[in-house]
Structures are given as structure tokens and as C-alpha cells.
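Visitor: Next up is a structure, given as C-alpha cells.
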Amino acid sequence: MTTPDEARAELLARIRTSDQPQTVLRSPELRELADNIKDLQPEERSGAGKALNELKQELLRAIDERQAELDEAGTAPIDVTAPWDVNSKRPDLLPTETGTRHPIATELERVVDIFTRMGFDAHESRQLDDDWNMFGALNFPEGHPARDGYDTFRTEEGFIPPAHTSTMQNRVLKAGKAKLEAGGQIASISYGRVFRNEDVDVTHEHTFYQVEGVFVSKDASLAQMLGVLQSLFETYFGQKLKIKTQPAYFPFVEPGLEFLIEKPAQLGGKGGDWLEVLGCGMIHPNVLLAADIDPTEYRGFAWGGMGDRMIMLKYGIEDIRHLESGKLAFLRKFA
Amino acid sequence: MIISTNWLKKFTDIDVSIDELTKLIGSRLVEIEEVVDLGKKYEGVIIAKVVECAPLEGSDHLNVTKIDDGGVVQDVERDENGLVQVVCGAPNVRTGLTVAWLPPNSTVPETYGNEPFVLGARKLRGAMSNGMLASAKELDLFDDHTGILELDDDKQAGQKFADAYELNDYLLEIENKSLTHRPDTFGIVGFAREIAGIQGKKFETPNRLNLENVYWIEKDGDIETPSVTIEDAALSSRYQAVVLTNVDSSAKSPLETQTYLARIGVRPHSAVVDATNYLMMVTGQPLHAFDYDKLKAVNGGAIDIRVRAGRDGEKLALLDGREIELSMSDIVIANGETPVALAGAMGGRDTEIDDDTTTVLLESASFNLYNLRNTQMRHGIFSEAITRFTKGQPAPLTEPVLAEAVGLLAASAGAKRASDVADAYPGKTDLRKVYAKAEHMNAALGSAFSTHDIVTTLQNVGFEVEVSDTDVIAATPPYWRADVHISEDLDEEVGRLNGFDSIAPSLPVRDFTAISPDGFDRFRSSVRTVLARAGANEVLTYSFVHGDTIAKAGQDLGNAYRIVNSISPDLQYYRLSLTPSLLGLVRPNVKSGYDSFALFELNKTHSKAFGSGEDGLPEEHDALALTVTGVKDGAAYYKAKRLLEFLAESLGVTLAFRIPEGDSGDDSIAPFDGKRSAEVFDVASGARIGIVGEYKTGVQKAFKLNRDTAGFEIELRALMAVAETAPHRYAPLSKYPSSERDLCFQVAKDVRYADLEASVRAALPAGSVAAAVEPLDIYQPDSGDTKNVTFRITLTPAEKTLSGEDVAAVIDGVIQKVTAEHGALVV
Chain G
1 MTTPDEARAE LLARIRTSDQ PQTVLRSPEL RELADNIKDL QPEERSGAGK
51 ALNELKQELL RAIDERQAEL DEAGTAPIDV TAPWDVNSKR PDLLPTETGT
101 RHPIATELER VVDIFTRMGF DAHESRQLDD DWNMFGALNF PEGHPARDGY
151 DTFRTEEGFI PPAHTSTMQN RVLKAGKAKL EAGGQIASIS YGRVFRNEDV
201 DVTHEHTFYQ VEGVFVSKDA SLAQMLGVLQ SLFETYFGQK LKIKTQPAYF
251 PFVEPGLEFL IEKPAQLGGK GGDWLEVLGC GMIHPNVLLA ADIDPTEYRG
301 FAWGGMGDRM IMLKYGIEDI RHLESGKLAF LRKFA
Chain Y
336 MIISTNWLKK FTDIDVSIDE LTKLIGSRLV EIEEVVDLGK KYEGVIIAKV
386 VECAPLEGSD HLNVTKIDDG GVVQDVERDE NGLVQVVCGA PNVRTGLTVA
436 WLPPNSTVPE TYGNEPFVLG ARKLRGAMSN GMLASAKELD LFDDHTGILE
486 LDDDKQAGQK FADAYELNDY LLEIENKSLT HRPDTFGIVG FAREIAGIQG
536 KKFETPNRLN LENVYWIEKD GDIETPSVTI EDAALSSRYQ AVVLTNVDSS
586 AKSPLETQTY LARIGVRPHS AVVDATNYLM MVTGQPLHAF DYDKLKAVNG
636 GAIDIRVRAG RDGEKLALLD GREIELSMSD IVIANGETPV ALAGAMGGRD
686 TEIDDDTTTV LLESASFNLY NLRNTQMRHG IFSEAITRFT KGQPAPLTEP
736 VLAEAVGLLA ASAGAKRASD VADAYPGKTD LRKVYAKAEH MNAALGSAFS
786 THDIVTTLQN VGFEVEVSDT DVIAATPPYW RADVHISEDL DEEVGRLNGF
836 DSIAPSLPVR DFTAISPDGF DRFRSSVRTV LARAGANEVL TYSFVHGDTI
886 AKAGQDLGNA YRIVNSISPD LQYYRLSLTP SLLGLVRPNV KSGYDSFALF
936 ELNKTHSKAF GSGEDGLPEE HDALALTVTG VKDGAAYYKA KRLLEFLAES
986 LGVTLAFRIP EGDSGDDSIA PFDGKRSAEV FDVASGARIG IVGEYKTGVQ
1036 KAFKLNRDTA GFEIELRALM AVAETAPHRY APLSKYPSSE RDLCFQVAKD
1086 VRYADLEASV RAALPAGSVA AAVEPLDIYQ PDSGDTKNVT FRITLTPAEK
1136 TLSGEDVAAV IDGVIQKVTA EHGALVV
């Protein structure tokens, strides 16, 4: 009766020379070893089973190594400096008419462009951040119930995939402080990807896009905020729009509002349909203080939202899941 | 949360239509998700008296009744006395009963809105039944199948059921998320106060809820005042308790109370339970009733109530039948050493009131909302009570509500107050003043409020307000407004109650400095445009991938940041590079019928190997990856290289390609086949910008790719850096004709193309003649060790026309150099 130890060397050698190392797992030796266990006394079985299992693991590792070796050897080197393959010709580009940009990228560029023309600078937001930028700097005390609303993910290290682009606020305020104190204003937008631990369906995604804006000056007011946002959406949709607000609670603003626009005619709006497009408000004094800006000297307003839902509305995209699906059938609609 | 407008009207006038009210609430308090017209559901329901009732012959449970509806229902069969015959199977039907009758052609309220069931006149066991007599369940009030609903006898026959029980009501479904900071609005009184405020009316808090007017019914009994101790003031700011005797646990609350509870989704039980629920809904303050005798029994006959943190290993059997393990963050109510309730969340099974309960200990308390929030999540308890406690109910409220409950139970369940009121109150706080000035408020809001406007607005909702000689407004928020601390909170209050929409939008003033768009944004935009022009499709894919995807690409999983609370294993790790995400898309698109295409993405990548920045946060890299499949013109590598060079050229960058040297451990390189890929460098600066090539056989297999697939992954910021410094390429057009010569060299097949071209270029003249070198053909016979490479050399003079000799001299120089350096033959 063979033992695993006796079979080991033979099987390993076979793997090292085989072109199809996987087949070694079907060797009669292994089957015999397995059969042998059945004939053992019950108290011996577990030890023998363990030994056989260890052997199998070792063989699997050897098979992986051999397969990798075969895979590498299987390819012939090429002259990577050549413009094309031997006996071939210069490869063509793909047909221009099939090429497309992603609608989110296109629309974000449009929004950024409008804000730039309005006097805001723009930066992409981070995709991995910390508790301070996500909550602490934004006047969310530790354990505050409002934190629940954001359904944040966390990494092992305690980092947070941002659940809103407001994670950029503290950085933007700190960076703009000198300009402010030199008599200027802070006018900045942050845009990018945000993440929420949410089940995905036709209208919900765990990954989506937001645009965040911050304005700080000596005389910023809520009326100015309404004017700036109205102007943004009127430019974006190329028409006059009615706006309204709804009280909302976000710890980083006071007062806090939801901002709504009447559904634009170009999206099939007939009047009276309201769209919630973003959250906004006057920056809470604690948020200014967190960036070392004196709230008795300066005031600001901020907003965040828009993103995917605006883009879906604009193009009539029926399912948010299409956006990150990578389906050519979807992507090529945006030629 | 559901708010009944009829309930609101008991506390404030509403003199606008429901549509206007909905709009006002939406713009000045909270979003309303839905408005339900409750009256419609009860449209046809009529109150009737059972005049005759006799068993139906041949049936063991049906009765034939004659009912009096006051003759109000038309088109129904009546007997000579004007009575209507209805067959009823309920065991409690009897002569003299006042009932809710669903006449023929009316809709059973329970089915309203779903699959409406419209009644008719039909025979049951041979006897005609005109519609039916309704149970509470059929009336969609609550689950009670024991019989028909017995109405109050003082209701008139023929009266509409909805009128009699105030069910001509509109229910407002409120989005509570934006009221988490407003515990007061979780009671009808608090909500009504806001409704008054947004209509510009002064709200009068009901007298019996005023702290100054707390009314306790006379003590009638001599039970010792319960001993109450709050062990840690951080857990509970106040705990009150009182003992009631003579409680009739089987008593029911008035039907009207029951219908109010039922319409907002609270199931009526006994008078005792209903009273606590009713008061919670009205005031926002939850109460809890213990069976006093059972409570005593767990502590050897003594009452020694202790509010304390849970202890590890401690267990508690709850009302819902579960046995839970307590933790230090739970707050428990204990009698002596024994936990009897999970504070604010749920009572214990051992002290539950039941039908035999006659003596009750009633609790009114406030608990730390953070602890309760934790308890809620840990034990999955989402009751109406804990919903309110987790908003932070104010401690002063416990007293008037407890007094009110005692009064209610005396009235509805015959209870007597048998003890004095125990009151542990370690969390007493003083009211504070918050200051405002009209001029500051108007500057912040862009509004035009007068001092008088501000004062009135605040007074309407219960603020005490004083104005100084210098027009400084000192507002004292009422005790239920723990959310108001700073002048900005008053801006919110005044702006909101008067409507932010009444503020006219304006625009900030700015100077005429041009803002430069972000350089990186502009760069990315051109990259997208160029690649789309090359026929590629931009994708956006998730930042998170499956651990297997990383492993399949040959990357080091240890470098990837792991999400601890991911939705699924598919989204557990931050991706180390973009290529694996793209590879995952190739096969599904091929299966959908696309055979030849290129996908690209610009996005961020994350790896522990990137290290951290000064702020301690992980460094983020901006990457560009492309993958092209279905390549038919030669090895796929060259297609990917061509696309990359097209991009580089459009950015003014010239690239060099080198075989990767050894295993660098770089995760972005890991998927690429070392023999069929190249690291990419900028020729001008020598900077490395990425990798291009075919994928390892193992990677191809793992992602089910064909061999005709290749791609690249580029560090976008490195590419931008070299593009920004790339020289302008324009040279003035020449007035003189160019000369072209084609040269074909036969060389050993392992001579690299780049070396050959370099030799050609090195032999070309510098100075006033511009020389260009283009490859024309690379031919390698199937057998043999040589290949033929053909170049086209174009010479363009700037100063004079080149003669044949001039050109021949240049070409000879090239031939000499290439033959000398590569042993080439000219073919």
C-alpha cells in the first residue's frame, strides 16, 4: 500500500514535465490513496485524510506554478519597438463613428465649464478620504444620528469612500483663506464620485456623481445662493426656470434647504413638476471655524448634489445601472 | 411618520385648503411624501341601528337583521317600516346595537385603493342581504375579526360614519429624515405649533402641557413612592414614576381615540396601552407601564428602580418574545439587580401588563439618544417610541405628560393615583438666550425683516423674546428647542417660518478676472476627445472590485484597501489599476455581438503601495487604461501601441518603447505579458508614463479573452507633465521641392526596428535640410533568419533646391551607417 509520502515525488515530477498539469490530479495513485482511507480503522482515518489533503494542496501549488511556466513559454517575443507586425501593415485606428465619450464625463465638463465662466475654480474630489473630512470638519459630532443618513463604507484602516463631495469643503476653505483675507472671495466647486452602502436598483446606485460648490465672502447671503443656483440651472438648460426651496437638515449648513427647479420644457416639463436637484444652505459657523475662518467676519454658502440624476433626466436614461455597466449597446448611444 | 390634519386642528386653526397647506408645509417645514384623502375611503359608510335580529333558518351562525339608517340611503329595498334587511354572521350582532353599515354600491374600505370590492344586494342562504355590517378590519381600522364594530350609542342613525368619527381627514406622510434635529415635531402638538407658525399665527400650547400648570389628580391610596435612582446622569436626564391602582386592564378606550390611533397606523389595544400611545403621539413623549406586582416580585417585594448601563453577559427577555444579551451601551431599567426593561426601546416580558393587571407603575423618562441609537441598531428595534427617544426628547416634558396619562387612565380605566410621583432629575438645565439683530439677519438671508417681524415670528412658536434699546433681540428658546443655540439658528427659524421662497434671488459681485480652468481637467477632456476620435468608447466602472479580479490580473491583493462593510464580495476592494475592470467588460460585450472594439477609462486608482500624503491620507493616482480586442491586422500589441501613439502625437509627445525589465512588482504592469509588452517613455524627458502590451496567457484565460486583445495603462499626470513641456512642432513651409528615396535593408531578424531607425536618423544631415524617416514595410520570410525593413526618407531643403548628387550623398551615408552598424544588406 503506497503512502502519500511515497507518491509525492513521483506526482510532482509528473507535473513538472506535463503539458497539461491538471490531469495529474486524476492519477490512479491519488485515487488509490483515497480508497485506502476507507479501509483504515476509524481512529487512523483522520490522520490519513489530513496527510492526503496536504499532498493535494502541494500538488495544486505545483500545478499553478507549472501552468504559469507553460503560459509564459507559450508566447513568442515580439519586437515591441516596431510600428507594426512583420508582414503586416500599419494598424488602422477604429472607425471614428464608433467612438464615444461617457455621458457623465461630458456633462460634468459642461457643468464645470458653466461654473468656471461664473467665476468658480473647479477640482475633482477624492475617492478615499477620512472621518474628519467626511463628518468631523462638517459639524457632525461623533455618534450623531445624521451620520446614519449617509450609509458610508469604511476600509479596514478606517478610511471612508466619500458619501458626498462635501468632503472637499474643509480643504477648499483652508486653501482659500489667504485669498479671502486679501480681500477676495472663495468661489470653488468640487466634483466627483461618491459612494453609499445602498442596494442597487433602477434609480439607486452605490456609486454616483455629485457637484459641490462653496462661496465665501464678507457679504454672502442666502439670496445670493438662490441667485447663483438659479443662474446655473438656467444656463445649463438654456431657459428661464422657476425655483423653490424646502427646509432640510444638514449639520454643515444653517439654514439648510433642498433646492428645486421646475422641470424644464426640454425635458418634457409642462409646469408644476418640481425636481429636487441639490441640497444647499449657509455654511455653518463651525465649518468655517474648522478651516480657521472667522465666522463673524465672513459668511458663505454651499451646495451639493446634481450628478447622475440630472444626466439621466437630460438624456432620458431609464436605468441608473446602465451608467457604469460598460455595455457598448449603451455607450454607443452617445456618439 | 403620518400626521392627521384633523388631529392638528384640535390644537391650531388651519384656514387654508389642503393643497395650500401641503405647499406651505413643503416649503416651510418638511417634505411631504404623500397626502391621503381618508374621507374617500369611508364615503359610503352609514351609521345604523339594529332594530331586529333573528337567527337565519338553516344556518348555524347567520342572523337576519333589520336596520334603521334613518332612511338616508337611496335605491335600497326596504320593508313597510322603512327598515333594511342585512344578513350578518358576526357573533356579537344583536338588537339595539349601533353599527357601521356598508350599503349596496359602497366599497369595502379595507379594499379601497387596491382591488376595490363593491357590495351589492344578494341572497345568503335564501335571505336577501343589502350590503353588510362592518367589522373594524373591513373598515380598515385595525385587525379585529371577533365581530362587527360596536359604535357609540349616541351616534345617530343615518349619520355618515366618517363625520361621526372625524374620518373626513387628510393624512400627511412626512419624510422624517429632515426632522432628526426636531424632537418636538414628533408630537402632534409640536407639529401643530409649526403649522401655526408658518401661517403667521401665535400658537397656544394646551394648558395642561404647560410646565406651570401640571395637574395631578388627587392621590387616593398609600403606596410608597417608588424609589428611583439614575446611576449615571449621562444615560438619563430624568426618570419619573407613579403607581396607579384599581386599573381595569380589560377596559377599552373611547372608539374615537381608537380611530385616531388606527388612522396613523397604531393598533388599539386596551385603554391602558392606548392612553400611553395616544399621549406619545400628541406630545412626542413615550411612556411605559409596568405591572407593579410583577415588578415587585423580581426584587423580593421591594421597588428599587435603577437606571444604569447594561452589563456584559446580562440577559433580558423582551415583550416580543426575544431574549437579548445586553451590552454596556444599552440603558436598562432594573429593579434591584434584575433588569426589567430595555430603556426607551422595549419592556421586559416578566413585568408586562396583562388582562389581570390591576396595579401599574407608569414611567415617564428621557434617555441619552446616542445610547438608544446604538441599542436600536444592535437589537433591531424600530418602534414609535424609540424613533422619538432617538431624537432627544426634552426632560421637562416628562412631567406634564405623566400627569396627563394618570388623568386619562382615571377616566378610561378607572385608575387611582396611589403614590406620590418619584422624580430623579439629574439633567436639569437652564434656558439660554440667543441674540439676533434684524440688520445681521437680513444681511445673511438677503431678506427685509423688521425687528417686529422677527419678534412676532419667534413668539408665535413659543420663544420668549426681549428687545433692547439698541434693537438687539434676545430670544429664549422654549425647553423643547434644544436645537437652537446661535444666531444662525434664529436666521433659519425666521427665514423658514416666513418662507425662504419670499426672498428675492440676487447675485454676488465679482471682479472681471478670468478664471483658468483646471489644467488637468482640460487635459483629460482632450484625451477623451482624441480617443473617441480613434474609435474607442469611454466607460466608467466601479472603483471597487472583487478580490478575485485582482488575483486574476496577477496583482497583489495585499496592496488593495479592503472595504469592511461592502455590499457584496464583488465590491470589496479598491482597485489597484483600471485594466482589470476593463478586461472584465471585454467578454460580455463580445457575447453581445461586438467583435472589434476598444474601451477606455480615466479614473483614480488606489494602492497601499502608493503610500500616504502629508495629511496621512492614501495617495491617489490618476490613470488611463484602454483595452482593444478583435485585432485582425497583426499582433494585437501593435494595435494598442498605434492607439497610444495616436494619442501621444495629438498631445505633441513622442514615445519610446522598451521591454519591461524583470518583475518590478508594479501592480499596473502585472497583467501584461513581459515578452509582448513595452514600458512607455517620453523621448524628450525620458520620463516613464506607463505600459502597453498583450496580457499574460493566464490573465487572458481568467478573463476569457481571445489572443487578439491588448491594451495600455498610463499614468495620466505623468503624460500631462510631458505634454505640457512638449515643444511646438511647427516649422515654416519650404519654398523648395522635397526629395523622397525608399531604402530596403535586409537584417538579422532579431535586430530591433528602433535601433535600425535610430541608425538611419543618425546618418541624416542636420542643419538647413529637414529629413523625415517613415517605415514603409517590414517583411520576414517564413524560413530564414532575416527580415527586410523598408524606409522612406524625405529630404526638404530650406535654402536651395537639392541636386541629385546632394540626395545621393545623404542616402549613401545612411547605407554606410546602417550596413556598418547592423550588418545590413541593401535590397
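In order, the protein sequence lines correspond to chains G and Y.
With our numbering, the residue at position 138 of the first sequence is 138, and numbering never jumps.
So the number in our numbering is just where the residue sits in the second sequence, counting from 1, plus 335.
Beta carbons are placed, not taken as given, at the ideal position from N, Cα and C, and that holds for glycine.
Got a sec? Which residues, its chain only, sit under 6 angstroms from Phe-858(Y) by beta carbon, not counting five neighbours each side?
Guide: Closer than 6 angstroms at the Cβ level, and outside the excluded window around Phe-858(Y), lie Met-1055.
Visitor: Between the region 859-866 of chain Y and the region 798-816 of chain Y, do at least 3 Cβ pairs fall closer than 8 angstroms?
Guide: With the cut-off at 8 angstroms, the region 859-866 of chain Y and the region 798-816 of chain Y do not touch.
Visitor: Quick one: what does DSSP say His-956(Y) is sitting in, helix, strand or coil?
Guide: The answer is strand: DSSP assigns His-956(Y) an E or B state.
Visitor: Anything in the region 868-896 of chain Y with a Cβ closer than 7 angstroms to a Cβ of chain G? List those residues in chain order, please.
Guide: Within the region 868-896 of chain Y, the qualifying residues are Arg-868, Ala-869, Gly-870, Ala-871, Asn-872, Glu-873, Val-874, Leu-875, Thr-876, Tyr-877, Ser-878 and Tyr-896.
Visitor: What is the rounded straight-line gap between the Cα of Gly-948(Y) and the Cα of Glu-955(Y)?
Guide: For Gly-948(Y) and Glu-955(Y), the distance between alpha carbons rounds to 9 angstroms.
Visitor: According to DSSP, which residues form a beta bridge with Ile-659(Y)?
Guide: In the DSSP output, where bridge partners are listed per residue, Ile-659(Y) has Leu-651(Y).
Visitor: What are the uninterrupted segments assigned as beta strand (DSSP E) that are 3 or more residues long and contained completely in the region 204-236 of chain G, given in chain order?
Guide: Runs of the beta strand (DSSP E) inside the region 204-236 of chain G: 207-217.
Visitor: Does Asp-826(Y) get closer than 8 angstroms to chain G when you measure Cβ to Cβ?
Guide: Yes, its Cβ sits closer than 8 angstroms to a Cβ of chain G.
Visitor: At which residues does the alpha helix (DSSP H) containing Gln-593(Y) begin and terminate?
Guide: Per DSSP, Gln-593(Y) belongs to the alpha helix (DSSP H) from 590-598.
Visitor: Taking the alpha carbon of Phe-135(G) as the reference point, which residue from Phe-252(G), Glu-97(G), Pro-83(G) and Leu-70(G) has its own alpha carbon closest?
Guide: The option with the nearest alpha carbon to Phe-135(G) is Phe-252(G).
Visitor: Alpha carbon to alpha carbon, how far is Asn-872(Y) from Glu-97(G)? Give it in angstroms, no decimals.
Guide: About 10 angstroms.
Visitor: Please go through the same chain and pick out, in chain order, the residues whose beta-carbon is closer than 7 angstroms to the beta-carbon of Val-549(Y), but skip the five residues on each side of it.
Guide: Excluding positions up to five away in sequence, the list reads Glu-734, Pro-735 and Ala-738.
Visitor: Beta-carbon of Met-282(G) versus every beta-carbon of chain Y: anything under 8 angstroms?
Guide: With 8 angstroms as the cut-off, Met-282(G) counts as an interface residue toward chain Y.
Visitor: Measuring alpha carbon to alpha carbon, tell me which residue in Ala-1089(Y), Thr-1136(Y) and Gln-1081(Y) is nearest Val-1162(Y).
Guide: Closest by alpha carbon: Gln-1081(Y).
Visitor: So with CB distances below 9 angstroms, who are the chain G contacts of Gln-1115(Y)?
Guide: Result: Val-86 and Asn-87.
Visitor: Looking at the strands, I want to know which residues DSSP matches up with Ala-624(Y).
Guide: DSSP, once it has assigned bridges, lists Leu-697(Y) as partnering Ala-624(Y).
Visitor: If we define contact as Cβ-Cβ less than 8 angstroms, is Pro-255(G) a contact residue for chain Y?
Guide: It does; some Cβ of chain Y falls within 8 angstroms.
Visitor: Name the two residues that bound the continuous beta strand (DSSP E) containing Ser-562(Y).
Guide: Unbroken beta strand (DSSP E) run through Ser-562(Y): 562-565.
Visitor: My parser needs the alpha helix (DSSP H) runs of 4 or more residues fully inside the region 1003-1080 of chain Y; what are they?
Guide: Counting whole runs of 4 or more residues, the region 1003-1080 of chain Y contains the alpha helix (DSSP H) stretches 1032-1037 and 1051-1059.
Visitor: May I have the straight-line CA-CA distance separating Gly-272(G) from Val-563(Y), to the nearest angstrom?
Guide: The alpha-carbon atoms of Gly-272(G) and Val-563(Y) are separated by roughly 57 angstroms.
Visitor: Give the secondary structure of Thr-725(Y) by DSSP, where H, G and I count as helix, E and B as strand, and everything else as coil.
Guide: Coil at Thr-725(Y), not helix or strand.
Visitor: Between the Cα of Leu-832(Y) and those of Val-790(Y), Ala-867(Y), Glu-1059(Y) and Asp-609(Y), spot the shortest distance and give me the residue it belongs to.
Guide: Of the listed residues, the one whose Cα sits closest to Leu-832(Y) is Val-790(Y).
Visitor: In the DSSP assignment, find the alpha helix (DSSP H) that holds Trp-342(Y) and state where it starts and stops.
Guide: Residues 340-344.
Visitor: Please go through the same chain and pick out, in chain order, the residues whose beta-carbon is closer than 6 angstroms to the beta-carbon of Ala-757(Y), but skip the five residues on each side of it.
Guide: Excluding positions up to five away in sequence, the list reads Thr-560, Pro-561, Val-563 and Ala-576.
Visitor: Using a C-beta cutoff of 8 angstroms, does Pro-621(Y) count as contacting chain G?
Guide: No, no contact with chain G.
Visitor: Could you work out which residue in Glu-539(Y), Leu-514(Y) and Asn-511(Y) is closest to Val-524(Y) when comparing CA atoms only?
Guide: Nearest option by C-alpha distance: Glu-539(Y).
Visitor: Taking any Cβ of chain G, which residues in the region 942-957 of chain Y have a Cβ under 7 angstroms from it, in chain order?
Guide: Answer set for the region 942-957 of chain Y: Leu-952, Pro-953 and Glu-955.
Visitor: Sorted by chain position, which residues of the same chain lie with C-beta nearer than 7 angstroms to Ala-290(G)'s C-beta, five sequence neighbours on each side aside?
Guide: Answer for Ala-290(G): Ala-137 and Asn-170, listed in chain order.
Visitor: Can you tell me which of Gly-279(G), Val-216(G) and Lys-270(G) puts its alpha carbon nearest to the alpha carbon of Lys-244(G)?
Guide: Minimum Cα distance to Lys-244(G) is reached at Gly-279(G).
Visitor: According to DSSP, Tyr-298(G) sits in a beta bridge with which residue or residues?
Guide: DSSP, once it has assigned bridges, lists no residue as partnering Tyr-298(G).
Visitor: Under a three-way DSSP split, which group does Gly-374(Y) fall into?
Guide: Three-state result, Gly-374(Y): helix.
Visitor: Tell me the start and end of each unbroken beta strand (DSSP E) in the region 907-992 of chain Y that is at least 3 residues and wholly inside, in chain order.
Guide: Correct list: 932-941 and 955-964.
Visitor: Around the Cβ of Met-712(Y), are there at least 16 other Cβ atoms within 10 angstroms (buried) or fewer (exposed)?
Guide: With fewer than 16 other Cβ atoms within 10 Å, it is exposed.
Visitor: In the DSSP assignment, the beta strand (DSSP E) including Arg-457(Y) goes from what residue to what residue?
Guide: First-last of the beta strand (DSSP E) with Arg-457(Y): 456-459.
Visitor: Counting Cβ pairs closer than 8 angstroms, one from the region 771-786 of chain Y and one from the region 740-757 of chain Y, do we hit at least three?
Guide: No, the region 771-786 of chain Y is not in contact with the region 740-757 of chain Y.
Visitor: Based on the DSSP output, what are the partners of Tyr-500(Y) in its beta bridges?
Guide: BP columns for Tyr-500(Y) are empty, so no partner.
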